[in-house]
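S.K.:
Protein chains: 2
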Amino acid sequence: MTSGRVTIADVARRAGVSTAAVSKVVRGAYGVSAEMQAKVTQAIDELGYRPHAAARALRGRTYTLGVMLSDTRNPFFPDIIEGVTGRLGDTEYQVLLGPGGIEPKTQARMTDAMIDRSMDGLILISPVMTDAELAAIATAIPVVVVGRHGGAAAYDSVVDDDVMGAGLVVDHLVGLGHTRIAHITHLERARAQGLPHTVRAEGYRQAMRAHGLADDVLATSFTEEGGFEGARELLARDDRPTAIFAGADIAALGVLRAADEAGLSVPEDLSVAGYDNIGIASLKRISLTSVDQDGHVIGATAARLLVERIEGRSRSVTSSVSPTLIVRGTTGPPRV
Amino acid sequence: MTSGRVTIADVARRAGVSTAAVSKVVRGAYGVSAEMQAKVTQAIDELGYRPHAAARALRGRTYTLGVMLSDTRNPFFPDIIEGVTGRLGDTEYQVLLGPGGIEPKTQARMTDAMIDRSMDGLILISPVMTDAELAAIATAIPVVVVGRHGGAAAYDSVVDDDVMGAGLVVDHLVGLGHTRIAHITHLERARAQGLPHTVRAEGYRQAMRAHGLADDVLATSFTEEGGFEGARELLARDDRPTAIFAGADIAALGVLRAADEAGLSVPEDLSVAGYDNIGIASLKRISLTSVDQDGHVIGATAARLLVERIEGRSRSVTSSVSPTLIVRGTTGPPRV
DNA sequence: GGTGTTGTGTAGAACGTTCTCCATTGTTTA
DNA sequence: TAAACAATGGAGAACGTTCTACACAACACC
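As you go down the protein sequences, you meet chains P and F in turn.
If you're matching positions, the first sequence starts at 1 in the numbering used here and goes up one per residue.
If you're matching positions, the second sequence starts at 1001 in the numbering used here and goes up one per residue.
(1) So, is the C-beta of S3/P closer than 8 Å to a C-beta in chain F?
(2) Buried or exposed: D1292/F, going by 16 or more other Cβ atoms within 10 Å of its Cβ?
(3) By DSSP's criteria, V1291/F is part of a beta bridge. Which residues make up the other side?
(4) Whose C-beta lies closer than 6 Å to the C-beta of I1141/F among residues of the same chain, with five residues either side of it excluded?
(5) Can you tell me the Cα-Cα spacing of Y1049/F and L1058/F, whole angstroms?
(6) For the putative contact between V1217/F and H1183/F, defined by C-beta atoms under 8 Å, what is the C-beta separation to the nearest angstrom?
(7) Which chain P residues are close to K1105/F, counting only those with a beta carbon under 8 Å from its beta carbon?
(8) Looking at the structure shown, is V1139/F part of a helix, part of a strand, or coil, going by DSSP?
(9) Look at the alpha carbon of R414/P and the alpha carbon of T331/P, and state the distance between them as a whole number of angstroms.
(10) Of the residues R109/P, H149/P, G16/P and G31/P, which one's Cα is nearest the Cα of S126/P?
(11) Using a Cβ-Cβ cut-off of less than 9 Å, list which residues of the stretch 108 to 119 of chain P approach chain F; keep chain order.
(12) Could you name the residues of the same chain whose beta carbon sits closer than 7 Å to that of S322/P, not counting the 5 residues immediately before and after it, in chain order?
(13) Name the residue from G1016/F, A1053/F and A1054/F whose alpha carbon lies nearest to the alpha carbon of Q1037/F.
(14) Distance check for V1095/F and L168/P, CA to CA, integer angstroms please.
(15) For a quick check, are the C-beta atoms of L302/P and V158/P less than 8 Å apart?
(16) Mind checking whether the beta-carbon of G147/P lies closer than 7 Å to any heavy atom of the ligand ATP?
(17) With DSSP as the reference, label M1114/F as helix, strand or coil.
(18) Taking the straight line between their C-alpha atoms, what separation do you get for A1201/F and R87/P?
(19) Of all Cβ atoms in chain P, is any one closer than 8 Å to the Cβ of V1163/F?
(20) Taking Cβ positions only, does G1274/F come closer than 8 Å to chain P?
(21) With 8 Å as the threshold, decide whether the Cβ of E1046/F is near any Cβ in chain P.
(22) So which of R285/P, D249/P and Y204/P has the shortest CA-CA distance to T223/P?
(23) Return the CA-CA distance between T1085/F and H1186/F, expressed in angstroms with no decimal places.
(24) Would you say V95/P reaches chain F, if we count a Cβ-Cβ gap shorter than 8 Å as a contact?
(25) So that I know if they touch, is there some Cβ in chain F lying closer than 8 Å to that of R73/P?
(26) What separation, rounded to the nearest whole angstrom, lies between the Cα atoms of I81/P and L69/P?
(27) Which runs of the beta strand (DSSP E) at least 3 residues long sit entirely within the stretch 1064 to 1123 of chain F? Give them in chain order.
(28) Taking Cβ to Cβ, would you say D239/P is nearer than 8 Å to R309/P?
(29) Would you please state the rounded distance, in angstroms, between the beta carbons of F245/P and A262/P? I believe it to be under 8 Å.
(30) For chain F, is any of its Cβ atoms less than 8 Å away from the one on R285/P?
(31) Measuring only between beta-carbons, confirm whether P1142/F sits less than 8 Å from chain P.
(32) Does DSSP put T1330/F in a helix, a strand or coil?
(33) Counting contacts by CB-CB distance shorter than 8 Å, is G1098/F in contact with chain P?
(34) Do the stretch 40 to 55 of chain P and the stretch 6 to 22 of chain P touch if we need at least three Cβ pairs shorter than 8 Å?
(35) Please state whether the Cβ-Cβ distance between P75/P and L176/P is less than 8 Å.
(36) Report yes if the CB atom of A1054/F is closer than 8 Å to the CB atom of A113/P, and no otherwise.
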């Protein structure tokens, strides 16, 4: 009525009760009669009262969960975020995203900022930090880490089973009759452990070994250009591979271009598979065979674990989400 | 030293001064001697003190700016966000993103949540709300709206000049010798005003008229399928167009597929242009001519306007960012 | 020596909640 | 009938800042 925001005191005055009583009603706490409940609820509606989050934060909960994004361009962030918000949609938690950038320093700044704003918990997506830094954050606030293999005791982890995903691709290609299957991976630069591309490469090696085949890993980068260069090198060899498994779809697109330029038809002369199942992989003009990590499930799982931890669980949990292979037009039997 | 977080009182005790003095130093306020400055700074460093944002919020500023995202999948969000964070990188403002979803209701819930968390200002990206709702939000908090044409007095606006962008495409195609140029737009459903696709279609009509050509607008949807269906219909006509300008790249990809299936080669039989310059448009296999709206500039401008408004400007500003045409392989002279 | 003026520091009241007692009822139980 | 107990509402102290007053010194001026 007067000037700015309507506070709990305004509601209390309107309903003719104490602020403490209003607080109880708002929080659904014990010790409120039905009559009181009704009076207060009505006053709240009439005044359009909304609790001030900062004031709450000063006492305890803030009902805000932070999600730190390392690389906003990462194509399956939207899925993960949908999974998180979907899971939390009917609770009173709100999700805010923090663009952390790809630098360890900016990511640290962002997590600090989120802690300063007294969020109740944090989901870190593919954070680029040392294990020690992660552990330090996790002592200050409940944390769930997504996309880093080899979790620690201080926080929960949700990972895509990249070993399995790579295995699915190799099994598929071997099943089609391929024996010379090459893998393009990302050149390791950061010191961080357990990054997905490393694990995918390892999964590829394991699967090839299991089939009694020789592995062939080339490290360029997960870009269209990286895929292109890698494929050009592989295709120039005498015993060129009949199938190339790129560790990321974006690189697989480069492989497809290299095949085009080399005059090889896909999948007759060369089978190509990627990883991540990005949106355009399903476009009919591309139709790329790829591994889909269910972002919704990953996000929803992370949200569930985080809430559990906020509400008291202290034992650390690691959840592994199984990927699925989406077979499309870029893989087929090798020409004999 | 004791248990939890280190507060301003801890610092004051350590430095042997009052909390008010520490507060002054932290805020860089007037009335601090060099000696005091040094003492306090040292104490802060020793204790690793960080101001508690919620406590600050209770008094005034929170140094947090919110960006409400309508559709996380929108391909140029990353650019806009980079623009915003880049501009704000050396200030003490922090940016948090709120996934608002595509429903008016969820977007309203998110903006409310951001206001509850007493953010200093809001950037709304392509919000789907009525003008009245927008105006209501803008009275509660400084607001900059991105991507809605026809701004209001209560808030600032940043828009891509979609009329100009559509004009660039038409001029380019006419310059190549095309006269039968069709446009695929998005079927209007929401009641919101001034959405980009409407303005692009209008810009297309204006430009065609300026060249003395008849316009030809088909409304499907901004999806790959929408572009495909639209193109199929257009290409089935007797006097089929020699060029199709899709209002969004994703639809242009569908147009390309339709051309493929119709056995038409691009750009000889059909020129295709899109809008947004999404990442894959530049892939050599696609090489789509498209209109680039500089997301960095849009984001940076929005951030600048918001800070200005927070710091006192009350006059409303609308900033129009000029797009550029990126000519690639899908447009060329028509076959005569 | 009074009266300003300036520069520096502090006391203490907000800000809007939550939450731990405590007071007041009304109801059982001995 | 007294004593114990349960159910409900309220007082008031936090929570960690900011910021308006004000105090106190040192110094300049008349």
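For glycine and all other residues, C-beta sits at the position ideal for the given N, C-alpha and C.
M.R.: Quick answer:
(1) Per-residue confidence for S3/P stands at a pLDDT of 47, beneath the threshold of 50, marking its modelled position as unreliable; no derived number is given.
(2) buried
(3) Y1275/F and L1325/F
(4) I1115 and L1122
(5) 19 Å
(6) 5 Å
(7) Chain P residues near K1105/F: none, gap ~11 Å exceeds 8 Å.
(8) Checking the sequence, you will find Thr at residue 1139/F rather than Val. Helix.
(9) Because chain P here runs from 1 to 336, residue 414/P falls outside it and cannot be looked at.
(10) H149/P
(11) R109, M110, D112, A113, M114, I115, D116, R117 and S118
(12) D161 and M164
(13) G1016/F
(14) 40 Å
(15) Rather than Leu, the amino acid found at residue 302/P in this sequence is Ala. Yes, these two residues count as a Cβ contact at 8 Å.
(16) As far as ligands go, the structure on display features none, and thus does not contain the ligand ATP.
(17) helix
(18) 38 Å
(19) no
(20) no
(21) no
(22) D249/P
(23) 31 Å
(24) yes
(25) yes
(26) 10 Å
(27) 1064 to 1069 and 1094 to 1099
(28) no
(29) With a Cβ gap of about 18 Å, F245/P and A262/P do not count as contacting.
(30) yes
(31) no
(32) coil
(33) yes
(34) yes
(35) no
(36) no
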